[in-house]
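Going by my numbering, 548 is the number at position 547 of the sequence shown; the sequence numbering is gapless. C-beta atoms are modelled at their ideal positions from N, C-alpha and C, and glycine is treated no differently. Owing to the predicted nature of the structure, the values given are computational and were not obtained by experimental measurement.
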Amino acid sequence: MTVPGRRSSTFSRLLRHGFTDPSAAERLLDLPEFAALRGDPVLLDALGATADPDLALRGLVRLVEAQSDTERQTLTTTLLSAKPFRDRLLGVLGASEALADHLARHPEDWATLVTYEAVDLHPGITEFEQGLAEATDPVSLRVAYRRCLLGIAARDVCGTTDVAQTAAELADLATATLRAALAIARAAEPADAAQCRLAVIAMGKCGGHELNYVSDVDVIFVGEPVEGADEAKAIQAATRLASHLMRICSETTVEGTIWPVDANLRPEGRNGPLVRTLSSHLAYYQRWAKTWEFQALLKARPVAGDPELGSAYVDAVSPLVWQAAERENFVTDVQAMRRRVVDNIPVAQVDRELKLGPGGLRDVEFAVQLLQLVHGRSDATLHSGSTLDALAALAGGGYVGRADAAQLDEAYRFLRAMEHRIQLYRLRRTHLVPEGEDDLRRLGRSLGLRTDPVAALNKEWKRHASVVRRLHEKIFYRPLLDAFAQLAPGEIRLSPKAAGQRLEALGYADPAAALRHLEALASGVSRKAAIQRHLLPVLLGWFADSADPDSGLLGFRRVSDALGKTPWYLRLLRDEGAAAENLARVLSAGRLAPDLLLRAPEAVAILGDPEGLRPRGRDHLEQEVLAAVGRADDAEQAVAAARGVRRRELFRTAAADLIDSYGTEDSPRTSDPGALVDRVGEAVTDLNAATLAGALRAAVRAEWGEELPTRFAVIGMGRFGGHELGYGSDADVLFVHEPRPGVDEQEAAKAANRVVTEMRRLLQLPTTDPPLLIDADLRPEGRNGPLVRTLASYEAYYRRWSLVWESQALLRAAPMAGDADLGQRFIELVDPLRYPAEGLGEDAAREIRRLKARMESERLPRGADPTLHAKLGRGGLSDVEWTVQLLQMRHGWAEPGLRTTRTRTALSAAHAAGLIPTEEAQTLDEAWVLATRVRNAVMLVRGRPGDTFPSDPRELAAVGRYLGYGPGHVGEMVDDYRRITRRARAVVDELFYGS
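Here is the structure:
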């Protein structure tokens, strides 16, 4: 008798044996049906050894209660006397609520777990077919299927089979089930069965002999007429049989369902016919199939129906699989497939996703399959549908390092075991790790983690996922480097041919040159070579993820040759995780940024500084430039220093733009392209203004010392004044001066002109730094007018001679360098011209429209596609800017927000003032941002300015990557550009031309 308030000894024993609800367990053990069991310590020990003792006991109670008196006695006697049976039964009950439900509905099925002969330990298809032999309809098939599943689960949870053997048994049971389902379908439709030969080809995990407990069973159906039958009618009959087979397995009955049969891997997917002839399959694969379809065919295996037809199918498609790596679009397809598809996983589930999440099962499977496709064409030992078998073969052939393969094998087995136990609990298809404490505890204990199972499970899971995440890319590249390194005993070198094949498959256009670069970087025993051998597997993956891997690798070699003996460089790449990836993105994205970097490789330090990619403001830059000019011995040295600062800042701006446009592993690509455009425009404008200030100071110091005899200001025009410069833009300017008191006007004019001439000379001196071209053609009288005028001269000209186009050009005027007060007075002078009182008259507006129409017809380069020219084409920069500028000239006098030199700011102000509807404003803004980004992309990729998409496929692909389009999507990019600018032109026609 238990003293009130004191726990019973049974309660304490239950706690010690792992029960989480000992009170409930105690009540269950006190049931009359358990009279023969409750006092036996063997039972408690066996329950305590299960994944979930509470669940196991509840399942056992239900099973015992479902027995007749005679059977109950047999069950309890067997349970107490036969340890193998006890472990198997309770192990299943403690791991699977769904199989406990089955046993409660079919209480006699416990007997299938009693026999323990050798044949029961590792059954194959024949044994499973015997187990399903009496099934004559979908309901009885489900009961027989779960009876077989009981044995598989029992062997699994007791450790009799490992995860690979369990997966193989599940695939064999699926094979037997498909055969039984086809037999039922044939019996139901004997006329159809008599007309055709039908073969069922397993794909996916079933084909690979590595099935889950609950998974779609992927299949392809092949049909042929029997001799003398009409082909069309035979295929219709085969289609009815195949459809019936799918329903038998997939439909929900009183006994639930088995699993969905999925035929979507067939040619043309769900849009294609369910059953095709062998010749029809071959015609499709030879002409239309994509790389992923050949990847899927790696696992094709005939499992049911006509065995000769099934074997003929596999024999026919197998050569096509191993030729896939030679297909024209293989590299593009591989790049597209290698880009992780996690976008469709809900954000809240990414961290719990066992299959598709980072470091998940798909990472291992994809890496193995890709290496099989690349090297299997010349090595038949790699022709396996099983992931683990193929991984072992890859290691045996030297295609993957043995240590890496061993780590991946261990991680894959652990992750698959997790997946199995998660699905086994309720026999539901899921790849999500549960969140509940009880579920995690049961899962951890089922994997043998008994001390703090939840913490241990999370630790092991994260460790294995980290291994996969780290290795799934590196295994492509490590063997390439092993060719130049000391190998561990037993390791096999990758042959030069195999290395070339791999590099080619990963996007390298010149594998021989790539191997030479790798040898130069990784050979030897120096610290530099050791660090680079460690870094290169990751860097090569990032290069391969770009449109031009060859350039990335060549650039890295050149930077390393320049800085490799500098301790901080190697330390930066080794220790600053972001620096190496940022460098890889910058080096492989085009010509401009690498060219800027290679002129002064020490700028690579910018990539490792968290604040390094943030643009410097104009005040900071001007202060640095003027200080450098002050230290120089002469004007040439001074401007060389200023141009050096400009080169560094151009690199900083380009690198930040590329990294944010591409994204990195830790931060996704920037989703607001307008913000990128604004940042580039502001940054390039600021550094060009600072460079002009430095050139002006250098020119003045060289001849006049600290003060010029006339006040002097540089006024930015066009994109310069609008703070919208691109990487390749000239600096449009006006020069204005005003003689100092007591200085002769002619002397002042000569001094001002000499300063302008000297500034232009200094900024265009041939050096390794990019020149800054000054364009003063927007001045009064254009090229025929004086380069520099006094403020009074500007006032007289504009009052008397100014044309409407000059007023429009002055909308962008902003002081950039020199005397700030003079610059401000110039702006006050031109404000009435650009924002005329009461707005622009109709005659002037008509003149602007006439000028625009003339420009469209005359200035577009001959042969240029007007739908793709970013500056002058349909819906391009000119269209949007002239539309906005017309609004400014008409309404700027009344709307202060329109008095700005920036296009996007003015467009936003016009919308806020009700001058343009929301949708039209968004359309114009989207087109202007896109056209600006196209121009920036062309300069970044080609290293020289351009207004149209490049014709070279690699350059076009690089522009696409910058704009956010993955491999193989350049056609979509061009279509999107045409669509967006076409819509913008419709708005321009309405707002500008009044159409």
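- Non-local beta-carbon contacts of His103 in its own chain, meaning distances under 6 Å to residues more than five positions away in sequence, involve Arg147 in chain order.
- Residue state for Gly877 is assigned as coil, using DSSP reduced to three classes.
- Here the alpha carbon of Ala750 sits roughly 30 Å from the alpha carbon of Tyr836.
- Ranked by how close their Cα comes to the Cα of His376, the residues Tyr400, Gly358, Ser387 and Val365 have Tyr400 in first place.
- Arg479 sits away from Ala521, with the two beta carbons spaced by 8 Å or more.
- Counting C-beta pairs closer than 8 Å gives fewer than three between the stretch 844-852 and the stretch 721-733, which falls short of the contact rule.
- According to the DSSP secondary-structure assignment, Leu433 is paired through a beta bridge with Glu354.
- The C-alpha of Ala655 lies about 24 Å from the C-alpha of Leu537.
- Beyond the five residues adjoining it in sequence on each side, Arg644 comes within less than 6 Å, by CB distance, of Asp770 in the same chain, given in chain order.
- Under the three-state reduction of DSSP, Met817 is assigned to strand.
- If you look at Ala305, you'll find it in the beta strand (DSSP E) that goes Arg302 to Gly306.
- Using a Cβ distance threshold of 8 Å, Leu58 and Glu98 do not count as a contacting pair.
- For Thr791, the enclosing beta strand (DSSP E) starts and ends at Val789 to Thr791.
- Around the C-beta of Gly60, 16 or more other C-beta atoms lie within 10 Å, and the residue is accordingly described as buried.
- Distance from the CA atom of Val678 to the CA atom of Ala457, rounded to whole angstroms, is 48 Å.
- By the neighbour-count criterion, in which a residue is buried when 16 or more other Cβ atoms sit within 10 angstroms of its Cβ, Gly152 is buried.
- Gly556 and Pro595 do touch by the CB rule: their CB atoms are close to 4 Å apart, below 8 Å.
- Scanning its chain for C-beta atoms nearer than 7 Å, with the 5 sequence neighbours on each side dropped, one finds around Asp880 the residues Ala985, Arg986 and Val989, in chain order.
- Per DSSP, the beta-bridge partners of Val201 are Phe222 and Ala305.
- Taking the CA atoms as reference points, Ala907 sits about 59 Å from Val215.
- Contact check for Ala691 against Glu759 fails: the beta carbons are separated by 8 Å or more.
- Unbroken beta strand (DSSP E) stretches of 3 residues or longer found wholly inside the stretch 757-805: 789-791, given in chain order.
- Here the stretch 73-91 does not lie against the stretch 121-139, with fewer than 3 beta-carbon pairs under 8 Å apart.
- Taking a cut-off of 8 Å for Cβ pairs, the stretch 164-171 and the stretch 289-298 do not touch, as fewer than three such pairs fall below it.
- Non-local C-beta neighbours of Leu15 in its own chain, meaning closer than 6 Å and more than five positions away in sequence, comprise Pro23 and Ala26, ordered along the chain.
- For Thr902, the CB contacts under 6 Å within the same chain, skipping 5 residues up- and downstream, are Gly722, Gly723, Arg813 and Ala815 in chain order.
- In the same chain as Glu650, and ignoring 5 residues on each side of it, the C-beta atoms closer than 6 Å to its own belong to Leu688, in chain order.
- If you look at Gly132, you'll find it in the alpha helix (DSSP H) that goes Ile126 to Leu133.
- Residue burial is scored here from C-beta neighbours: Asp926 has at least 16 other C-beta atoms within 10 angstroms and is therefore classed as buried.
- The shortest CA-to-CA distance from Pro42 to any of Leu32, Thr11, Glu66 and Ser69 is the one to Thr11.
- Here the alpha carbon of Lys234 sits roughly 14 Å from the alpha carbon of Ala243.
- Assignment of beta-bridge partners to Gly525 by DSSP yields no partner.
- Nearest neighbour of Tyr994 by Cα position, chosen from Ala177, Arg762 and Arg847, turns out to be Arg847.
- Contact between Leu383 and Ala391 is confirmed by a C-beta separation of about 6 Å, below the 8 Å threshold.
- As DSSP reads the structure, Pro740 sits in a beta bridge with Thr711.
- If you check the CB distance, Leu183 and Leu150 do not come in under 8 Å.
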